[in-house]
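Novice: Numbering (the numbering used here), first residue to last: 1 to 132.
Heads up, the beta-carbon is just placed ideally off N, CA and C, and yes, glycines get one too.
If you're wondering where the values come from, they're calculated on a predicted model, not measured in any experiment.
I'd like to ask you about the structure that follows.
Structural data, given as structure tokens:
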């Protein structure tokens, strides 16, 4: 692996590890099955995606799985954020405190997941690399 590829791979691993820890805290394994799925997907992101990106021959599968998991997470967290606003679960208004509102509506988590998606795209580009 070249230096840039190693850095991007480590960034992807760190994002996945952070996501796994957050999901473990928010969705304990003792909870009902619907709470286990986010943690299980984050473990798959950490273990399987990282392993697939470790080899050039399986990088395309790493890209596909990483992209699928990122898009699924973005859709699910955006849905939760919208439902939080619609149902009144967010106790602060956007104009009252925009930073707190964005934190309560999952904007920061969606941005982090989008960053994971972009890191996967960059890692794939560096891994495959176009010859000049």
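For residue 9, I'd like the list of residues in its chain whose CB is within less than 8 Å of its CB, leaving aside the five on either flank, ordered along the chain.
Specialist: Counting only Cβ-Cβ distances below 8 Å, and skipping sequence neighbours, we find 1, 50, 53, 54, 123.
Novice: Under the rule that 16 or more other beta-carbon atoms within 10 Å means buried, what is residue 101, buried or exposed?
Specialist: So residue 101 counts as buried.
Novice: Alpha carbon to alpha carbon, what distance is there between residue 56 and residue 28?
Specialist: Their Cα atoms are separated by approximately 35 Å.
Novice: Below 6 Å CB to CB, which residues in the same chain sit around residue 13 once its five sequence neighbours on both sides are set aside?
Specialist: Only 50 meet the Cβ criterion.
Novice: Give the range of the alpha helix (DSSP H) segment to which residue 79 is assigned.
Specialist: First-last of the alpha helix (DSSP H) with residue 79: 59-86.
Novice: State yes or no: is the C-beta of residue 42 within less than 9 Å of the C-beta of residue 60?
Specialist: Not in contact: residue 42 and residue 60 (Cβ atoms no closer than 9 Å).
Novice: So the alpha helix (DSSP H) residue 40 belongs to, where does it begin and stop?
Specialist: Run containing residue 40: 33-44, per the alpha helix (DSSP H) assignment.
Novice: Can you give me the C-alpha to C-alpha distance between residue 119 and residue 85, rounded to a whole angstrom?
Specialist: Rounded to the nearest angstrom, the two C-alpha atoms are 30 Å apart.
Novice: Taking the Cβ atom as the reference point for each residue, do residue 77 and residue 110 lie within a distance shorter than 9 Å?
Specialist: Against a cut-off of 9 Å, the Cβ pair of residue 110 and residue 77 comes out as a contact.
Novice: Mind checking which residues open and close the alpha helix (DSSP H) that includes residue 112?
Specialist: It spans 107-128 - the alpha helix (DSSP H) in which residue 112 sits, taken as one unbroken run.
Novice: Residue 116 and residue 16: beta carbons closer than 9 Å?
Specialist: Their beta carbons are under 9 Å apart, which means residue 116 touches residue 16 by this criterion.
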